[in-house]
Amino acid sequence: GLTSAERQRLKELERENRELRRSNDILRQASAYFAKAEFDRLWKK
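Count along the sequence shown starting at 1, add 184, and that's the number in the numbering used here.
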């Protein structure tokens with residue numbers, strides 16, 4: 185079993201992991217959006 189300190193640490197890491205995944209997702213969507221916008225801009229020249 186884990187000590188209560190270890191359990192607490194695990195909870196913190198899981199929360200941090202969730203937040204990082206969400207940020208990553210947002211950044212991935214944003215970069216895809218901007219890449220597409222740039223591609224469209226170049227295509228229309």
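We put the beta carbon where it would ideally sit given N, CA and C, even for glycine.
Predicted model, so just to flag it, every value in this text is computed and none were measured.
At a Cβ-Cβ threshold of 8 Å, Leu186 and Leu194 count as neighbours. Taken atom to atom, the span from the alpha-carbon of Gln192 to that of Ser215 is near 35 Å. Annotation: the continuous alpha helix (DSSP H) that includes Lys195 extends over Ser188 to Trp227.
Taking the Cα positions, Glu200 is about 44 Å away from Lys229.
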